[in-house]
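Presented below is the structure to which this report refers.
Numbering (full-length UniProt numbering), first residue to last: 1 to 275.
Structure below.
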């Protein structure tokens, strides 16, 4: 029996609140949600000492998993204004080592030392993101969040997207309103676009980037049980590399232990992503 960095007691074998048995080997009954969590953790590979800003439960668990495994220098917050010294389970807190009020976030954004994982109501083939409204700009049919910080995020630092339900309603041929900037909106004469970096999209079906022709969406991997046809049927445009995309890497025993015992013992991930 041992104590991890978050102060949680870990034993050799136990039953978690989510109903997952954790023992010497965890490679059976891996859920789709756990593939999504480890894919979100991979977003931060090589990030170093930056601020991680995940905006939903699955990427939040992923960012904390990265901090406990490959990226110990990631700065994480409680989701509001407090910088956490340790890496607690989702919904928990711990010792506070700093203060990050909203005004200071803008300083970090402008410095480029941040990686945000946002959601999206619409994304197109070039990575333009809409979380503002459906319908024409001047006469929207449904109002949502507004552009929020998406324009500043996309032109200042790495930006990734998390989509819990990959569908043709989200992955559209053209977004109704551009909130986050896509690659076809770049003005090569304007240095403001020099740092545009749409790094990854993780969905319940796979992992994608914008390494296709003319910076269009490309499949990097598909989660186990997902075929190219399923992705194509749920995307309104052609996805590059879909036919040849490999299977998403299997989580390691250590990753599964941390996810199930340390970061998400109550199984919040499985409520966001159904297997």
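Using N, Cα and C, we set each Cβ at its ideal position, and we do this for glycine too.
Asked                                                                                                                                                                                              : Found
What is the residue span of the alpha helix (DSSP H) that residue 230 lies within?                                                                                                                 : 228–233
Please go through the same chain and pick out, in chain order, the residues whose beta-carbon is closer than 7 Å to the beta-carbon of residue 263, but skip the five residues on each side of it. : 61, 64, 65, 89 and 90
Within its chain, find whatever has a CB closer than 7 Å to the CB of residue 57; leave out the 5 residues flanking it on each side and keep chain order.                                          : 90, 268, 269 and 272
For residue 23 and residue 261, what's the separation of their Cα atoms in angstroms?                                                                                                              : Confidence is the limiting factor: at residue 23 the pLDDT is only 40, short of 50, which leaves the residue's position unreliable and the question unanswerable from this model.
Assign residue 216 to buried or exposed, taking buried as 16 or more other Cβ atoms, counted over all protein chains shown, within 10 Å of its Cβ.                                                 : buried
Which residue marks the beginning of the beta strand (DSSP E) containing residue 209, and which one marks its end?                                                                                 : 206–209
With distances taken Cα to Cα, identify the nearest neighbour of residue 237 among 174, 141, 220 and 142.                                                                                          : 174
Could you give the first and the last residue of the continuous beta strand (DSSP E) run that contains residue 37?                                                                                 : Here residue 37 belongs to no beta strand (DSSP E); instead the alpha helix (DSSP H) covers 32–42.
Since residue 201 is in the beta strand (DSSP E), which residue starts that stretch and which ends it?                                                                                             : 198–203
Measure the C-alpha to C-alpha separation of residue 33 and residue 82 and round it to an integer number of angstroms.                                                                             : 27 Å
Under three-state DSSP, which class holds residue 174?                                                                                                                                             : coil
Which residues in the same chain have their Cβ closer than 8 Å to the Cβ of residue 170, if we skip the five residues on either side of it in sequence?                                            : 120, 121, 122, 123 and 163
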